[in-house]
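> Sharing a structure with you now.
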Amino acid sequence: MSNSRSQLFDSNHLGTPVTAAINQTILNLSIKKNGRGNEDQTHKIALSYEPDFGEPVGACHTIYWSDCIAQMAIDIQDRQKTATPCEFDFFKPKLVEYTFTVCVRLRLPNEVRFTAVLILNSFLIRHLCSLHEFMEKQDMTNHHKNKEWENIESNMERQIPLRILTAIQISSKMHSYHDSLSSRQVVNTLRKVGLPYTITAVSDSEQRVFKLIGFNIPDSPLEACEMALKLLTYTMKKREMAEAERHEDLWQHVLIVLDVCFINHIELYERFFRKCPFLLNEDCGKRSIISKFKCDILLLAAATVQTAFILCIGKERIEEVTVIVNTVLRCNPRFVEPLKQSIIELALSKK
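Heads up: the sequence shown at position 166 corresponds to 166 in UniProt numbering, and the numbers run straight through without jumps.
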């Protein structure tokens with residue numbers, strides 16, 4: 001359910017640092033003809049990667065909207081079935097912030113940073129597990145294994161910047177191959193922090209990461225948020241609600257809220273499960289249940305959009321908006337409401 005992303009940028013819109021960086025007015029140098037330059041032809045063009053929720057061009061037809069959400073729900077169920085207790089072990093605040101910061105510096109579209117974090121988490125978990133299995137098979141004493149494992153951990157830590165840039169590169173290709181991060185750009189970025197990797201090393205890293213995650217790019221909550229906001233805007237317009245015209249402001253608030261959710265991922269779901277202790281009374285392990293709920297990006301999207309609406313517009317029409325969003329995303333209000341409250345409490349605690 002993609003939307004047009006070619007609208008001109010309005011500097012009055014609220015935005016995250018990434019949004020501000022992306023929407024810089026850039027210089028478009030004219031091509032010199034017959035060996036002579038013409039400085040008068042140099043002009044500036046304002047570009048934006050933000051979706052246009054009021055523009056039908058490039059958007060999926062309304063009859064397919066339910067199919068898009070149904071397919072995403074199926075993908076979520078498949079991921080929940082294979083989710084392990086350690087599915088999100090590398091979703092650490094500092095690692096997420098570092099990845100976001102690099103995306104800000106490189107002026108990449110908003111969706112790149114969220115997918116990059118998911119790719120990085122998926123790779124690091126599988127990489128660590130494969131190394132652990134390899135060490136278990138070695139014919140060594142426990143003392144020797146522990147010593148070798150310390151060396152392996154040190155090597156992994158040194159490679160973290162490379163893996164972060166690789167995840168960002170793959171994510172950028174996923175969302176826009178034409179404007180993606182090249183291997184040369186990755187090399188230059190790493191050299192700026194004193195890491196002299198070659199283009200060959202960067203290419204090898206990209207292949208290794210992509211192969212280890214099974215060539216499977218995880219769905220981003222931002223995609224679900226975009227679908228939810230598109231459907232919400234469409235429904236509000238049909239009902240002649242004035243709030244429908246605030247879709248651009250709502251989108252910027254969605255980005256801010258989702259930033260908070262990603263960076264404080266661990267704390268957010270701790271708050272959520274404290275509000276829903278009954279979820280942890282089932283037979284399977286606590287960490288497995290938590291991982292399954294973290295995989296539900298439609299649930300996170302519903303809570304994110306509703307929180308953004310409260311922060312941007314207020315609580316006056318939130319009950320009506322809640323029904324719309326929960327219905328179109330097929331989310332259980334029993335879970336959306338406590339997650340929404342957890343996000344609000346988390347945001348207030350970070351002020």
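Even glycine gets a Cβ: it sits at the ideal position worked out from N, Cα and C.
Bear in mind that the values here come from a model prediction, so they are computed numbers and not experimental data.
Quick check on the DSSP output: what are the complete alpha helix (DSSP H) runs of length 4 or more inside the segment 184-269, in order along the chain?
Here the runs fully enclosed are 199-212, 221-238 and 247-263.
> To the nearest angstrom, how far is it from the Cα of G214 to the Cα of V321?
The residue labelled residue 214 in the question sits at position 214 within the sequence shown. The residue labelled residue 321 in the question sits at position 321 within the sequence shown. C-alpha separation (whole angstroms): 38 Å.
> Where does T99 sit, in a helix, a strand or coil, going by DSSP?
The residue labelled residue 99 in the question sits at position 99 within the sequence shown. Note: T99 maps to helix in three-state DSSP.
> Whole angstroms are fine: how far does the CA of L165 sit from the CA of L124?
One-based indexing of the sequence shown puts residue 124 at position 124. One-based indexing of the sequence shown puts residue 165 at position 165. Distance between the alpha carbons of L124 and L165 is about 13 Å.
> Can you name, in chain order, every residue of its own chain whose Cβ lies under 6 Å from the Cβ of C276, other than the five neighbours on each side?
The residue given as residue 276 occupies position 276 in the sequence shown. Around C276: P338.
> Mapping DSSP to helix, strand and coil, what is P161?
Along the sequence shown, read from residue 1 onward, the residue named residue 161 stands at position 161. Three-state result, P161: helix.
> Suppose the cutoff is 8 Å on Cβ atoms and the five residues either side in sequence are ignored; what does the same chain contact list for I324 look like?
As a working note, residue 324 is residue 324 in the sequence shown. Once the five neighbours on either side are set aside, the close Cβ partners of I324 are L231, L232, T235 and M236.
> Helix, strand or coil: how does DSSP classify T84 here?
Within the sequence shown, numbered from 1, the residue matching residue 84 stands at position 84. Coil.
> On the CB-based measure, 16 or more other CB atoms within 10 Å of its CB, does F335 come out buried or exposed?
The residue given as residue 335 occupies position 335 in the sequence shown. Its Cβ being crowded by 16 or more others within 10 Å, F335 is buried.
> Under 8 Å, with one C-beta from each stretch per pair, do the segment 300-316 and the segment 255-272 reach the 3-pair mark?
Flag = yes, the segment 300-316 and the segment 255-272 touch.
> Taking H178 as part of the alpha helix (DSSP H), name the residues at either end of that continuous run.
As a position in the sequence shown, residue 178 is number 178, starting the count at 1. Premise fails: H178 is in no alpha helix (DSSP H) and is neither H nor E.
> Cβ atoms of L106 and T189: under 9 Å apart, would you say?
Residue numbering aside, residue 189 sits at position 189 when the sequence shown is read from its first letter. Residue numbering aside, residue 106 sits at position 106 when the sequence shown is read from its first letter. In this structure, L106 lies closer than 9 Å to T189 by Cβ.
> Would you please state the rounded distance, in angstroms, between the beta carbons of F90 and L120? I believe it to be under 8 Å.
Position 90 of the sequence shown holds residue 90. Position 120 of the sequence shown holds residue 120. Confirmed, Cβ separation roughly 7 Å.
> Between which two residues does the alpha helix (DSSP H) containing T322 stretch?
Within the sequence shown, the letter at position 322 stands for residue 322. Its alpha helix (DSSP H) spans residues I318 to V328.
> In whole angstroms, what separates the C-alpha of V254 from that of I343?
In the sequence shown, counting from the first residue as 1, residue 254 sits at position 254. In the sequence shown, counting from the first residue as 1, residue 343 sits at position 343. C-alpha separation (whole angstroms): 12 Å.
> When burial is assigned at 16 or more other CB atoms within 10 Å of the CB, is L27 buried or exposed?
Your numbering for residue 27 matches position 27 in the sequence shown. Model confidence at L27 stands at a pLDDT of 32, short of 50, so the residue's coordinates are unreliable; what they give is reported in the following sentence. Per the 10 Å Cβ criterion, exposed.
> In this structure, does DSSP put K286 in helix, strand or coil?
Residue mapping note: residue 286 aligns to position 286 of the sequence shown, counting from 1. In this structure, K286 counts as helix in the three-state DSSP scheme.
> Of the choices F272, L162 and W251, whose alpha-carbon is the least far from that of Q341?
Taking the sequence shown and counting its residues from 1, one reaches residue 341 at position 341. Answer by Cα proximity: F272.
> Between the C-alpha atoms of L195 and Q71, what's the straight-line distance to the nearest angstrom?
What you label residue 195 is simply residue 195 of the sequence shown in a count that begins at 1. What you label residue 71 is simply residue 71 of the sequence shown in a count that begins at 1. Cα-Cα distance, rounded: 41 Å.
> Can you give me the C-alpha to C-alpha distance between D179 and K137, rounded to a whole angstrom?
The residue you call residue 179 lines up with position 179 of the sequence shown. The residue you call residue 137 lines up with position 137 of the sequence shown. If I take the Cα positions, the gap works out to 43 Å.
> So what does DSSP say about P51, is it helix, strand or coil?
As a working mapping, residue 51 is identified with position 51 in the sequence shown. Looking at P51 - three-state DSSP - the assignment turns out to be coil, as it is neither helix nor strand.
> Which same chain residues, not among the five before or five after V209, have their C-beta less than 8 Å away from its C-beta?
Here residue 209 corresponds to residue number 209 of the sequence shown, with the count starting at 1. Same-chain partners within the cutoff: I119, F123, R163, T166, A167 and I170.
> Can you tell me whether V193 is buried or exposed? The criterion is at least 16 other CB atoms within 10 Å of its CB, across all chains shown.
Residue 193 sits at position 193 when you count from the first residue of the sequence shown. It is exposed - the Cβ of V193 has fewer than 16 other Cβ atoms within 10 Å.
> Enumerate in chain order the residues of its own chain whose CB-to-CB distance from E87 is below 6 Å, with the five nearest sequence positions on each side excluded.
In the sequence shown, the residue the question calls residue 87 occupies position 87. So the list reads S291, once near-sequence residues are dropped.
> Since A116 and C103 are thought to touch, with beta carbons under 8 Å apart, how far apart are those beta carbons, to the nearest angstrom?
In the sequence shown, residue 116 corresponds to position 116, counting from 1. In the sequence shown, residue 103 corresponds to position 103, counting from 1. A116 to C103, Cβ: 7 Å. Contact.
> Taking the alpha carbon of K294 as the point to measure from, which residue in I266, C312, V112 and R274 has its own alpha carbon closest?
Looking up residue 294 in the sequence shown gives position 294. For the residues I266, C312, V112 and R274, the minimum Cα distance to K294 belongs to I266.
> Relative to the alpha-carbon of T327, which residue among M227, T141 and I217 has its alpha-carbon at the smallest distance?
Looking up residue 327 in the sequence shown gives position 327. Among M227, T141 and I217, the Cα nearest to that of T327 belongs to M227.
> Over the uninterrupted alpha helix (DSSP H) stretch that includes S349, give me the two end residues.
The residue given as residue 349 occupies position 349 in the sequence shown. Looking at the DSSP string, the run of the alpha helix (DSSP H) that includes S349 is P333 to S349.
> Taking the alpha carbon of L346 as the reference point, which residue from Y98, T304 and I318 has its own alpha carbon closest?
Within the sequence shown, residue 346 is the residue found at index 346, counting from 1. The option with the nearest alpha carbon to L346 is T304.
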